[in-house]
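Trainee:
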Amino acid sequence: MEISSKENTQFFSNNIILPIDRSSFKSESSASKEKQSCCGGIKIFLGALSFVYFAKALSGSYLKSTITQIERRFDIPSSLVGVIDGSFEIGNLLIIILVSYFGAKLHRPRIIGAGCLIMSAGTFLIAMPQFFMGRYRYERFPSIINSTGSLSPCLHEKSQIPLSALEKSEAKINAGCEKEAGSSMWIYVLLGNLLRGIGETPIQPLGITYIDDYAVEENAALYIGCVQTVAIIGPIFGFLLGSLCAKLYVDIGFVDLDSITITHKDVQWVGAWWLGYLIAGVISVLAGIPFWFLPKHLPKPESRKDSSTSSEQSKFITEDNKERQKSHQQHVKIAEMAKGKSLVYFLPSLKNLFRNPVYFLYLCASIIQFNSLIGMVTYKPKYIEQQYGQTSSKTNFVIGLINIPAVAFGIFSGGLIMKKFRINVLGAAKLSLGSSFFGYLLLLSLFVMGCENSDVAGLTVSYHGTKQITHYEQALFSECNSGCICSKNDWDPICGENGITYISACLAGCQASNGSGKNTVFYNCSCVGILESSSRSSSAVVGPCQKGNECPKMFLYFLVISVITSFTLSIGGTPGYILLLRCIKPHLKSFALGIYTLAVRVLAGIPAPVYFGVAIDTTCLKWGSKRCGGRGACRLYDSSALRYVYLGLTLVLGTISIFFSIAVLWVLRKRSAPQDETVSANGRGAGLTKKRKDNFVNSDHLIQTTYWPEKETRL
């Protein structure tokens, strides 16, 4: 890149010194064409990179929207789903250092194109288990599935079950146990997501630095803001696609849909989660095609040919006079790096990054903040479903149509503010800190915007209607169902006339049933009749009861605060990018960006979904059971405990990160004060400007910021 820049500068200079007017005219024409070529090339790259950001954001957000679907389909707990989600970061971890350090010296556009192909292969792999597993099975009372007869749910003796029905049931269980190994196919989902992470790795560090290298300096912030804003369209379509697929039954095209006895409102419902991954894989392939035809280098803008850095960078990066003597040595190092001796200078470059206290403090702040944001975003669909009783389809629709646009508007607003008010590096740090502070402050109000637990007999209320929370399985049994032979592991909820949900018709003490499928009605339910004042027989219908009357209103309040919070937190995204790119040396941009991303992914992206999932699992009241024994997915959560664990963990981590950010801002102010005094005393001469630029070029001190990788999915 430097050789190309020197050649362009020499060519431009030779044209200018020609004494003939006609040559001067040609010089102006040549410069004009060069400027048009530069602008055209960077805009083509900008469009291609935006499409790739759209593709990777779509597949990433679609994965978030299918978390609960995958959990139910493979019958696994939230903690294991967190491991699957974190495998994306593991894929990044495997090659991020190599891509960031060596990628800048290779053909960056083609490396991005190859990454798109790998990303699409991983996306296709995630969908493959659907075509090799057996059909999805859910728990239902035999009479609901097989006939319209009045088989009694409350069986006093095992002999009451018709022999043919008993044999068929046992045969199905045995067949299910033989195919139980199919449930381990979630490993393919993990491997596919890991492959997605490998393919996505070069897009951010190489793409953003390519724009910053060849864009006009004052336009870089706007271009990066545009990339991030266009990328937000990806999550919008990702969650809307997740909403559509969640309404379609998982085995659509393989089974008769008229035989399905559950609806998309049932907690056992699994949508066509695999369909969206096939669509996302095709889009990723298309997104990678343009990069195979883009050049390795673009002509640099005229304003950046005479300087390898900006005037802003020199204000915050200083060094002693002794460091100036290393200028020639560093040029030699760069030349040797180009010859393949990069590994020798890897450790010294890494040491230069961590020697700066501002970089280290901001790195700590960002790691803690991303632990908060990644955990919150990963389980946000689950939180809405369990806290407010919404379906997976509606949850994804709301996130995609309301929350994501707020994030897009916030990111674009941050870039617009930076450009309009010409905010410097210190101002960018203030803006990023302020957005985080007010965002978490708004999040605090969500503690009072939750719903009460659903009334479930034996779990959240007693069979006599007393409010209580119990984790003891024996509480599922009572005098009203003591005469029935019921399983404590079943989850086939019914809603009684008294507004209480019962885990199964048997545990409700129902003596008879009528109808079939979704229209089944249970009669003579002894447990329901305990709270009924009338003497008539108590009945119940298939499916759980709805949450309280106040829950829809609370959900509306939650949406309003969530949108405002998303916008506020997103404003600091673009200033964070600019603060990062303006405070590091040009030849270390990719490396510094990669190291930062590596630390965030290793210490936040991988562990956060796991320990958030483990914490959420502790709030489970009723676990499902696998066909051959063992614990499956959670069927019911304690709403209050879930709210305190989910929001509390998010806010605690966010608060700690704010303290680190305040420390960073203090150090930045302390460093900028001596520079301002020097400028005010001697700043009228042109020599000072050159001196400050020279200081920056030879500086080994790097300042980092809160860089937001995949910010488009941080809600």
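So that you can map any letter, position 28 of the sequence shown is 28 in full-length UniProt numbering, and since no number is skipped, the others follow by simple counting.
Using N, Cα and C, we set each Cβ at its ideal position, and we do this for glycine too.
Note that the coordinates shown come from a computational prediction; the quantities given were computed from them, not determined experimentally.
Check the C-beta distance from Leu444 over to Leu653 and give it rounded, since I have them as a contact under 8 Å.
Mentor: Not really, about 13 Å apart at Cβ, beyond 8 Å.
Trainee: Enumerate in chain order the residues of its own chain whose CB-to-CB distance from Ile42 is below 8 Å, with the five nearest sequence positions on each side excluded.
Mentor: Ile211, Tyr214, Ala215, Tyr223 and Leu298
Trainee: Could you work out which residue in Ile203, Leu117 and Arg135 is closest to Val99 when comparing CA atoms only?
Mentor: Ile203
Trainee: Strictly by DSSP, which residues pair up with Ile252?
Mentor: Val255
Trainee: Around the C-beta of Phe132, are 16 or more other C-beta atoms found within 10 angstroms, so that it is buried, or is it exposed?
Mentor: exposed
Trainee: Which residues in the same chain have their Cβ closer than 8 Å to the Cβ of Leu603, if we skip the five residues on either side of it in sequence?
Mentor: Ile367 and Asn371
Trainee: Whole angstroms are fine: how far does the CA of His464 sit from the CA of Gly499?
Mentor: 13 Å
Trainee: Kindly indicate which three-state DSSP category Arg635 falls into: helix, strand or coil?
Mentor: strand
Trainee: Which residue from Ile423, Ser539 and Ser504 puts its Cα closest to that of Asn514?
Mentor: Ser539
Trainee: Determine, using beta carbons only, whether Gly427 and Thr574 come nearer to each other than 9 Å.
Mentor: no
Trainee: Alpha carbon to alpha carbon, what distance is there between Gly242 and Leu46?
Mentor: 28 Å
Trainee: Give the DSSP-derived three-state secondary structure of Cys495 in the structure shown.
Mentor: strand
Trainee: Mark Ile67 as exposed unless 16 or more other C-beta atoms lie within 10 angstroms of its C-beta, in which case mark it buried.
Mentor: buried
Trainee: Quick check on DSSP: helix, strand or coil for Thr565?
Mentor: helix
Trainee: Can we say the segment 541-556 touches the segment 489-506, given the rule of at least three CB pairs closer than 8 Å?
Mentor: yes
Trainee: In this structure, what does DSSP give as the bridge partners for Gly271?
Mentor: Tyr249
Trainee: Measure from the alpha carbon of Thr391 to the alpha carbon of each residue in Lys518, Lys547 and Thr229, then state which is nearest.
Mentor: Lys547
Trainee: Is there at least one Cβ from chain D nearer than 9 Å to Leu286's Cβ?
Mentor: The structure shown has no chain D; it contains just one protein chain.
Trainee: In the structure shown, what three-state DSSP assignment does Phe421 receive?
Mentor: coil
Trainee: Would you call Val189 buried or exposed, if buried means 16 or more other Cβ atoms sit within 10 Å of its Cβ?
Mentor: With 16 or more other Cβ atoms within 10 Å, it is buried.
Trainee: Just grab the DSSP bridge partners of Asn514 for me.
Mentor: Answer is Val521.
Trainee: Taking the alpha-carbon positions, what's the Asp455 to Ser184 distance?
Mentor: 34 Å
Trainee: Just to confirm the assignment, what range does the alpha helix (DSSP H) spanning Val377 have?
Mentor: Pro357 to Thr378
Trainee: Counting only the same chain and skipping the five closest in sequence on each side, list residues whose C-beta sits under 6 Å from that of Phe555.
Mentor: Tyr388
Trainee: Would Ala592 and Leu353 qualify as a contact pair, given that the criterion is a beta-carbon distance under 9 Å?
Mentor: Yes. Within cutoff.
Trainee: From Glu2 to Ala220, what distance separates their C-alpha atoms?
Mentor: For Glu2, the predicted model reports a pLDDT of 39, less than 50, meaning its position is unreliable; a value from the coordinates is still stated below. Straight-line Cα distance between these residues: approximately 19 Å.
Trainee: Using a Cβ-Cβ cut-off of 6 Å (strictly less than) and excluding sequence neighbours within five positions of Cys226, which residues of its own chain qualify?
Mentor: Counting only Cβ-Cβ distances below 6 Å, and skipping sequence neighbours, we find nothing.
Trainee: Under 8 Å: do the segment 556-568 and the segment 398-406 share three or more Cβ pairs, one atom per stretch?
Mentor: yes
Trainee: Under a three-way DSSP split, which group does Tyr557 fall into?
Mentor: helix
Trainee: Taking the C-alpha atoms as reference points, what is the distance between Phe660 and Asn481?
Mentor: Near 57 Å, if we compare the C-alpha coordinates of Asn481 and Phe660.
Trainee: Would you call Gly632 buried or exposed, if buried means 16 or more other Cβ atoms sit within 10 Å of its Cβ?
Mentor: It counts as buried.
Trainee: Decide if Asn519 is buried, meaning its Cβ has at least 16 other Cβ atoms within 10 Å, or exposed.
Mentor: exposed
Trainee: For Ile606, which residues in the same chain have their Cβ closer than 7 Å to its Cβ, ignoring the five residues on either side in sequence?
Mentor: Gly86, Glu89 and Ile90, listed in sequence order.
Trainee: Between Thr378 and the rest of its own chain, which residues show a CB-CB distance below 6 Å, the 5 nearest in sequence each way excluded?
Mentor: Asp85 and Pro609
Trainee: Going by DSSP, what residues sit across from Ser65 in a beta bridge?
Mentor: None, per the DSSP bridge assignment.
Trainee: Could you pull the start and end residues of the alpha helix (DSSP H) that Val394 belongs to?
Mentor: One detail in the question is off: residue 394 reads as Lys in this sequence, not Val. From DSSP, the alpha helix (DSSP H) with Lys394 extends over Ser392 to Val398.
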